[in-house]
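Visitor: For the record, in the sequence shown the residue sitting at position 80 is 80 according to UniProt numbering, with numbers rising by one throughout.
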Amino acid sequence: MNTIREEGNLPDPAIQPLVHPLDLPAARRSFAASWWLEQLASPTMFLALASMLWAISNNYVTPILVSLVVTVCAAFASRYQSGEAWSHIPRKRHDHQRHVPLWWSVAQTAISTLALYVGLILLLGWIIARDFPPGVAAFSVGLGIGIVLIMSTTPLWNLGAPRHLRSEARAWSPQYISLALTAVAVVFSSVTLAGAADAESWQLIDIATGTAVILAVQCLWLLIHVVTSRSSSGPRT
Numbered sequence: 001m002n003t004i005r006e007e008g009n010l011p012d013p014a015i016q017p018l019v020h021p022l023d024l025p026a027a028r029r030s031f032a033a034s035w036w037l038e039q040l041a042s043p044t045m046f047l048a049l050a051s052m053l054w055a056i057s058n059n060y061v062t063p064i065l066v067s068l069v070v071t072v073c074a075a076f077a078s079r080y081q082s083g084e085a086w087s088h089i090p091r092k093r094h095d096h097q098r099h100v101p102l103w104w105s106v107a108q109t110a111i112s113t114l115a116l117y118v119g120l121i122l123l124l125g126w127i128i129a130r131d132f133p134p135g136v137a138a139f140s141v142g143l144g145i146g147i148v149l150i151m152s153t154t155p156l157w158n159l160g161a162p163r164h165l166r167s168e169a170r171a172w173s174p175q176y177i178s179l180a181l182t183a184v185a186v187v188f189s190s191v192t193l194a195g196a197a198d199a200e201s202w203q204l205i206d207i208a209t210g211t212a213v214i215l216a217v218q219c220l221w222l223l224i225h226v227v228t229s230r231s232s233s234g235p236r237t
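(1) Applying the criterion that 16 or more other CB atoms from any shown protein chain within 10 Å of the CB defines a buried residue, is D206 buried or exposed?
(2) How would you call R25, buried or exposed, if buried means at least 16 neighbouring beta carbons within 10 angstroms?
(3) Contact defined as beta carbons within less than 8 angstroms: I believe S140 pairs with L123. What is the distance between those atoms, to the nearest angstrom?
(4) Compare the Cα-Cα distances from R98 to each of T109, L22, I128 and report the closest residue.
(5) In three-state DSSP terms, what is V118?
(6) Counting C-beta neighbours from all protein chains within 10 Å, is the total for E38 16 or more, i.e. buried, or is it exposed?
(7) Measuring straight from C-alpha to C-alpha, what distance separates L53 and P63?
(8) What is the rounded straight-line gap between the Cα of residue 319 and the Cα of W103?
(9) Since P19 sits in a beta bridge, which residues does DSSP pair it with?
(10) Please determine, among P13, V184, W36, the residue with the shortest C-alpha to C-alpha distance to V106.
(11) In chain order, which continuous runs of the beta strand (DSSP E) of length 3 or greater are located wholly inside the stretch 34-81?
(12) Suppose the cutoff is 8 angstroms on Cβ atoms and the five residues either side in sequence are ignored; what does the same chain contact list for H164 look like?
(13) Using a 10 Å radius around the Cβ and a threshold of 16 neighbouring Cβ atoms, would you call residue 238 buried or exposed?
(14) Given this structure, state the Cα-to-Cα distance separating E84 from H96, to the nearest angstrom.
(15) Going by C-alpha to C-alpha distance, which of S82, S42, Y117, P90 sits closest to residue 243?
(16) Do P134 and A208 have their C-beta atoms within less than 9 angstroms of each other?
(17) Alpha carbons only, please: which of V191, N9, W202 is nearest the one belonging to P90?
(18) Spatial neighbours of S82 within its chain, please: C-beta separation below 6 angstroms, excluding the five flanking residues on both sides.
(19) Would I224 and A115 qualify as a contact pair, given that the criterion is a beta-carbon distance under 9 angstroms?
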C-alpha cells in the first residue's frame with residue numbers, strides 16, 4: 001500500500017481544494033514516467049514491437065509472447081509510478097479530472113501513429129517476403145481492425161455520452177486525427193496484403209483471431225489497471 005508523503009507544499013485547500021501530481025515538483029516526475037510507460041503498453045506499440053521481432057526472426061509465436069510480456073510489464077510499471085505520484089496527495093484532494101498538457105496529447109497521437117505505421121510496414125514486408133499462407137495475412141488484417149476498434153472507443157464515447165461526461169474538445173481532437181490516420185493505414189495495409197496474398201483464401205476465423213488477440217492485450221491492460229488501482233487504495237485522508 002502506498003503511503004501519503006505530504007511534504008507541506010500542497011496548495012492551500014481554501015484556494016485550490018483539488019490537487020494533481022503535475023502541481024507538485026516531487027510528484028511530477030513519477031506521473032510523467034507513468035504516462036510514458038502507459039504509451040509503451042498501448043496496442044500500437046505491441047504491434048510495432050511484434051513486427052520488429054518478426055522481421056528479425058523466423059519464429060511466429062515468440063514475438064507475440066515477448067511483446068505481450070513487455071506490454072504487461074510496462075502496464076504494471078505505469079501503475080506503480082502512478083501510485084507513487086498520487087501518494088503525495090491526500091485522497092480527498094485528488095484531482096482526477098485534470099487533463100494532461102496538450103502537447104502530451106499531441107505527442108501521444110504522433111507516437112501512436114508512428115508506431116502503427118512502422119509496425120504495419122515491417123509486418124507487410126515480413127509477410128510478403130516470406131510468402132506466408134493466406135491465414136497469416138488475414139490474421140494481420142485482424143490485428144489492424146482490433147487496433148481501430150480500440151482507438152475508436154474514446155471518440156465514440158465523446159459523441160454519445162452526456163455533455164458533462166465528455167472530455168474537453170482540446171483533449172480528444174488529437175484522438176480523432178489518430179483514429180483517422182489509423183483507419184487509413186489499416187485500409188492501405190489490407191489492400192496491399194490482398195494484392196500480394198491470396199485474399200480469396202482468407203478465412204473469417206483468421207481475421208477474428210487477429211482482432212481477438214489485440215483486444216485481449218487491451219483487456220489485460222485494463223485488468224491490470226483495475227487490480228493495481230484497488231491494491232493501491234487505502235484509507236488516505
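C-beta: ideal position from N, C-alpha, C; glycine also. Computed from a predicted structure; not experimentally measured.
Guide: Reading off the structure:
(1) Working through the sequence shown from its first residue, we reach residue 206 at position 206. D206 comes out buried.
(2) Residue 25 sits at position 25 when you count from the first residue of the sequence shown. Looking at the sequence shown, residue 25 is not Arg but Pro. Classification of P25: exposed, given that the 10 Å Cβ count is below 16.
(3) By 1-based counting over the sequence shown, the position of residue 140 is 140. By 1-based counting over the sequence shown, the position of residue 123 is 123. Contact check for S140 and L123: beta-carbon distance about 6 angstroms, within the 8 angstroms limit, so the pair qualifies.
(4) Working through the sequence shown from its first residue, we reach residue 98 at position 98. For R98, the nearest C-alpha among the options comes from L22.
(5) The residue given as residue 118 occupies position 118 in the sequence shown. The three-state reading of DSSP puts V118 in helix, counting H, G and I together.
(6) Taking the first residue of the sequence shown as position 1, residue 38 is located at position 38. E38 is classed as buried because its beta carbon has at least 16 other beta carbons within 10 Å across all chains shown.
(7) Looking up residue 53 in the sequence shown gives position 53. Looking up residue 63 in the sequence shown gives position 63. Here the C-alpha atom of L53 lies approximately 5 angstroms from the C-alpha atom of P63.
(8) Nothing about residue 319 can be reported from this structure: the residues present for the chain run from 1 to 237 only.
(9) On the sequence shown, residue 19 is found 19 positions in, with the first residue counted as 1. At residue 19 the sequence reads Val, which differs from the Pro that was named. Per DSSP, H94.
(10) Here the question's residue 106 lines up with position 106 in the sequence shown. Looking only at P13, V184, W36, the smallest Cα-Cα distance to V106 is reached by W36.
(11) Secondary structure within the stretch 34-81: not one fully enclosed beta strand (DSSP E) run of 3 or more consecutive residues is present.
(12) As a working mapping, residue 164 is identified with position 164 in the sequence shown. With a pLDDT of 49 at H164, under the threshold of 50, the modelled position of that residue is not reliable, and the figure given next carries that caveat. Closer than 8 angstroms at Cβ, skipping near neighbours: no residue.
(13) In the structure displayed, the chain extends from 1 to 237; residue 238 sits before or after that span and is not available.
(14) For the purposes of this step, residue 84 is taken as residue 84 along the sequence shown, with counting starting at 1. For the purposes of this step, residue 96 is taken as residue 96 along the sequence shown, with counting starting at 1. For E84 and H96, the distance between alpha carbons rounds to 15 angstroms.
(15) This structure leaves residue 243 out entirely; the chain is present only between 1 and 237.
(16) Taking the first residue of the sequence shown as position 1, residue 134 is located at position 134. Taking the first residue of the sequence shown as position 1, residue 208 is located at position 208. Going by C-beta atoms, P134 is not nearer than 9 angstroms to A208.
(17) Start at 1 with the first residue of the sequence shown, and residue 90 comes out as number 90. Among V191, N9, W202, the Cα nearest to that of P90 is on N9.
(18) Taking the first residue of the sequence shown as 1, we reach residue 82 at position 82. Sequence-distant partners of S82 (beyond 5 residues in either direction) whose C-beta falls short of 6 angstroms from its own C-beta, in its chain, are S34.
(19) Position 224 of the sequence shown, counting from 1, holds the residue named residue 224. Position 115 of the sequence shown, counting from 1, holds the residue named residue 115. No.
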